[in-house]
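Residue numbers (this note's numbering), protein chains in the order written: chain W, 1 to 313; chain S, 1001 to 1304.
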Amino acid sequence: MTSVVLRRVLSTLPVMGVVALFVFSLLYIAPGDPAAVIAGDQASPEDVERIRAGLGLDRPYLIRFFEWVGQILSGDLGTSIFTNMPVTTMIAQRVEPTLSLMLVTLVIAVGVAVPMGVIAAWKADTWIDRSAMAFAVLGFSTPVFVVGYLIAYLFALKLGWFPVQGYQPLARGVGPWLHSLILPSVTLALVYIALIARITRAAMLEVLGQDYIRTAKAKGVGQRRILFVHGLKNAAVPIVTVIGIGVALLIGGAVVTESVFAIPGLGRLVVDAILRRDYPVIQGVVLLFSFVYVLVNLAVDLVYVLVDPRIRY
Amino acid sequence: MADAAFAPPPGLAVAEELPDVIPARKRLTGVWGFVRRRPSVAFGAALLGVMALLAIFAPLIGTVDPGALATSKRLRPPSAEAWFGTDMLGRDLYSRVVYGARVSLIVGFSVAVLASIAGLVIGLVSGMVRWVDGAVMRLIDGMMSIPPILLAVALMALTRGSLQNVVIAITLAEIPRVARLVRGVVLSLREQPYVDAAVAAGTPAPMIVIRHILPNTIAPMTVQATYICASAMIVEAILSFIGAGVPPITPSWGNIMAEGRALWQVKPTIVFFPAIFLSLTVLAVNLLGDGLRDALDPRMAKRL
Chain W
1 MTSVVLRRVL
11 STLPVMGVVA
21 LFVFSLLYIA
31 PGDPAAVIAG
41 DQASPEDVER
51 IRAGLGLDRP
61 YLIRFFEWVG
71 QILSGDLGTS
81 IFTNMPVTTM
91 IAQRVEPTLS
101 LMLVTLVIAV
111 GVAVPMGVIA
121 AWKADTWIDR
131 SAMAFAVLGF
141 STPVFVVGYL
151 IAYLFALKLG
161 WFPVQGYQPL
171 ARGVGPWLHS
181 LILPSVTLAL
191 VYIALIARIT
201 RAAMLEVLGQ
211 DYIRTAKAKG
221 VGQRRILFVH
231 GLKNAAVPIV
241 TVIGIGVALL
251 IGGAVVTESV
261 FAIPGLGRLV
271 VDAILRRDYP
281 VIQGVVLLFS
291 FVYVLVNLAV
301 DLVYVLVDPR
311 IRY
Chain S
1001 MADAAFAPPP
1011 GLAVAEELPD
1021 VIPARKRLTG
1031 VWGFVRRRPS
1041 VAFGAALLGV
1051 MALLAIFAPL
1061 IGTVDPGALA
1071 TSKRLRPPSA
1081 EAWFGTDMLG
1091 RDLYSRVVYG
1101 ARVSLIVGFS
1111 VAVLASIAGL
1121 VIGLVSGMVR
1131 WVDGAVMRLI
1141 DGMMSIPPIL
1151 LAVALMALTR
1161 GSLQNVVIAI
1171 TLAEIPRVAR
1181 LVRGVVLSLR
1191 EQPYVDAAVA
1201 AGTPAPMIVI
1211 RHILPNTIAP
1221 MTVQATYICA
1231 SAMIVEAILS
1241 FIGAGVPPIT
1251 PSWGNIMAEG
1261 RALWQVKPTI
1271 VFFPAIFLSL
1281 TVLAVNLLGD
1291 GLRDALDPRM
1301 AKRL
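Structure (structure tokens):
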């Protein structure tokens, strides 16, 4: 058991290495010469060279890469070109809104999608199933910002139930916080619901065809118990896996949702950084998001190794 | 058994021939038959066809120059003259949205084709050559752990915004998915008896790939390519929307929405018209993809 867990944990190392290499190369090949920028317009070529050597920019690629990795491991993501603030500080200021958005989205999406998929599988090939799957195709096809503007128009502008834009920090109370997050979260949840519902339905159909389900029915087990205890429990592996994989959708979608609803989160930060070509910030956020994604999927796999006796690597 | 030569053995009765009580079901053929059998695929195909026609014949269908400014006619509501109204610079929204179809379709199809070809080559090599496989798969695992939108955004930050760069950035972000799919298919095909037979018969390795492996990867890859096309259109619109896509001067759906953003609370039409077109186009491609999947892989069709 320990060796299985250890092997799975170690297998993330090369992945993280590739991500780090890619993100580092991003800054390495980025246009613009930091040394020339720091030296200013009046500097002679010798000055620029001296600054370059002072920054260590004249040394080979791989050496600089490993130094950079060392820096990151000690918690230093560099300094923003635009604000001169440490990137870690800038990220720390923006983590709360994005994390809140993702958590509320996750709760909404799983809460809606799993029952939807289960019911669609139970009522397979009826109009309930077909409309659930039609909804899933629509959810896949409607870009996040289209959904965002549509529901903001309906529920904020026309009906006035929710604020059109903005974010209320958790420190001001759970009520206002949740109120400001409902529309963005529903927006972001839609595509996620489509993904999870489809997989849930497929996994459930597979399980519901098994002999032990027929046995349970023959014994007179209640329908709800069959679906949610005998069925869902055994269909859980692909469902939880896709919830983990779908975090990539959440991250990509958060970038857009935060723009639509003017939420000052990490997505907004990276968009602003791109417009200003603030490469250290782009690097930091991409790195953070990717590591979170890798860790979430690692956690999903590990939970299964620990909980489900059928899984062995 | 109406054969005259056939005589039933004594004591055995022969039933009379029964008339066909169940008339043979006439299978509808032609276009109408297809529409009846697969309404959603037909709908998707028709919708995509309309979008393609719009894009191709954009200058001929009642449009004016999508970049023409008319400051005296700013923010007009939809009318007979400007079907979708005008934007904050007085440009005709209908013309801009119709021309926007060009950007979306070009990006969608270019990315689908380029990512498929590149992914196919990488996947084939990785699946066939053992020592390449490990390194390539680690690289792909790493690439796939960066969310595609973020990867495309990061790549766009390196270059100037142009249609070509957008296509390249999205293609690079999509290649790993195809490569991994093709590799998986190749690995399972390698174990097939007919591949063993070809090896035993002395078929050279390149010939095995071309004759026995490659043709079997085409079906799953085509399905994947459709989904990539849909995803590329969405990513393109997102890139434009956040200002990292095609130059603002190009009327793409994402750009039109980005321009309409500041005013959307008072003039929602500027955002909604491109939004509707984008969603319909992506829906059309997805419906086609589902249809292709069902047609090419009946086993999958039952499950999903």
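Ideal placement from N, C-alpha and C gives every residue a C-beta, glycine not left out.
CA-to-CA distance, residue j to residue i, given in whole angstroms
i: G1245(S); j: A1173(S); result: 14 Å
i: A1230(S); j: I63(W); result: 41 Å
i: E1236(S); j: M1156(S); result: 11 Å
i: L302(W); j: I251(W); result: 22 Å
i: L1283(S); j: A1045(S); result: 10 Å
i: A1219(S); j: I1117(S); result: 14 Å
i: D58(W); j: L10(W); result: 33 Å
i: L1158(S); j: V1167(S); result: 14 Å
i: L249(W); j: V286(W); result: 14 Å
i: L275(W); j: A1154(S); result: 11 Å
i: D125(W); j: G246(W); result: 26 Å
i: M116(W); j: G139(W); result: 13 Å
i: S1145(S); j: L13(W); result: 12 Å
i: W177(W); j: F1109(S); result: 42 Å
i: I91(W); j: A156(W); result: 29 Å
i: W68(W); j: V18(W); result: 14 Å
i: P1148(S); j: L1239(S); result: 12 Å
i: G66(W); j: S1162(S); result: In the sequence as presented, Gly is not what sits at residue 66(W); that position holds Phe. Cα-Cα distance, rounded: 34 Å.
i: P1247(S); j: V256(W); result: 19 Å
i: A20(W); j: G1289(S); result: 34 Å
Under the three-state DSSP convention, the category residue i falls into
i: T1222(S); result: helix
i: D278(W); result: coil
i: T1203(S); result: coil
i: P45(W); result: helix
i: T79(W); result: strand
i: D58(W); result: coil
i: V1092(S); result: Correcting the residue identity first, residue 1092(S) is Asp in this sequence and not Val. Correct three-state label for D1092(S): strand.
i: P1009(S); result: coil
i: P14(W); result: helix
i: P1251(S); result: coil
i: K1302(S); result: Because the pLDDT of K1302(S) is 46, which lies under 50, any placement of that residue in the model is unreliable, and the question is left without a value.
i: P176(W); result: helix
i: P1148(S); result: helix
i: P163(W); result: coil
Exposure label - residue i; buried when at least 16 CB within 10 Å
i: G265(W); result: buried
i: W127(W); result: exposed
i: P280(W); result: buried
i: L159(W); result: exposed
i: T1171(S); result: buried
i: A203(W); result: buried
i: S314(W); result: In this structure chain W extends from 1 to 313, so residue 314(W) is not present and cannot be described.
i: F162(W); result: buried
i: S290(W); result: buried
i: V1041(S); result: buried
i: T2(W); result: exposed
i: A235(W); result: buried
i: D1092(S); result: buried
is_contact[residue i, chain C] using C-beta, thresh 9 Å
i: S1252(S); result: Structure shown: chain C not included; protein chains present are W and S.
Task: Residues, ordered as in the chain, of the region 121–142 of chain W that lie near chain S by beta-carbon distance below 8 Å - done: V137, L138, F140, S141, T142
Task: Residues, ordered as in the chain, of the region 292–303 of chain W that lie near chain S by beta-carbon distance below 7 Å - done: Y293, V294
Task: Inter-stretch contact at 8 Å, needing at least 3 Cβ pairs: the region 1248–1266 of chain S / the region 1175–1191 of chain S - done: no
Task: Contact list for the region 1132–1150 of chain S against chain W, Cβ threshold 8 Å - done: R1138, L1139, D1141, G1142, M1143, S1145, I1146, P1147, P1148, I1149, L1150
Task: Interfacial residues, the region 144–156 of chain W to chain S, with Cβ spacing under 7 Å - done: F145, V146, Y149, Y153
TODO: Count the C-beta pairs between the region 108–128 of chain W and the region 178–193 of chain W that are closer than 8 Å, then say yes if the count reaches three, no if not.
DONE: yes
Task: Cβ contact check for the region 203–216 of chain W and the region 129–140 of chain W: 3 or more pairs under 8 Å - done: no
Open item on the list: For the pair the region 1193–1201 of chain S and the region 1264–1281 of chain S, tell me if three or more CB-CB distances fall below 8 Å.
Closed with: no
Task: At least 3 beta-carbon pairs within less than 8 Å: the region 109–124 of chain W vs the region 193–201 of chain W - done: yes
Open item on the list: Three or more C-beta pairs under 8 Å: does that hold for the region 243–260 of chain W against the region 138–152 of chain W?
Closed with: yes
Open item on the list: What are the residues in the region 241–259 of chain W lying within 9 Å of chain S by C-beta distance?
Closed with: V247, A248, L249, L250, I251, G252, G253, V255, V256, S259
Open item on the list: Would the region 165–173 of chain W count as touching the region 218–229 of chain W if we require 3 or more Cβ pairs under 8 Å?
Closed with: no
TODO: Specify whether the region 1179–1193 of chain S and the region 1129–1144 of chain S touch according to this definition: at least 3 beta carbon pairs, one from each stretch, less than 8 Å apart.
DONE: yes
TODO: Residues of the region 1235–1252 of chain S with a CB closer than 9 Å to any CB of chain W: list them in chain order, please.
DONE: V1235, A1237, I1238, F1241, I1242, G1243, A1244
Task: Residues in the region 182–204 of chain W having any Cβ partner in chain S nearer than 7 Å - done: R198, A202
TODO: Give, in chain order, every residue of the region 14–33 of chain W whose Cβ lies closer than 9 Å to some Cβ of chain S.
DONE: P14, V15, M16, G17, V18, V19, A20, L21, F22, V23, L26, I29, A30, P31
TODO: Pull out every residue of the region 64–81 of chain W whose Cβ sits closer than 7 Å to any Cβ of chain S, in chain order.
DONE: none
Task: Residues from the region 1277–1288 of chain S in contact with chain W, defined by Cβ distance under 9 Å - done: L1278, S1279, L1280, T1281, V1282, L1283, A1284, V1285, N1286, L1287
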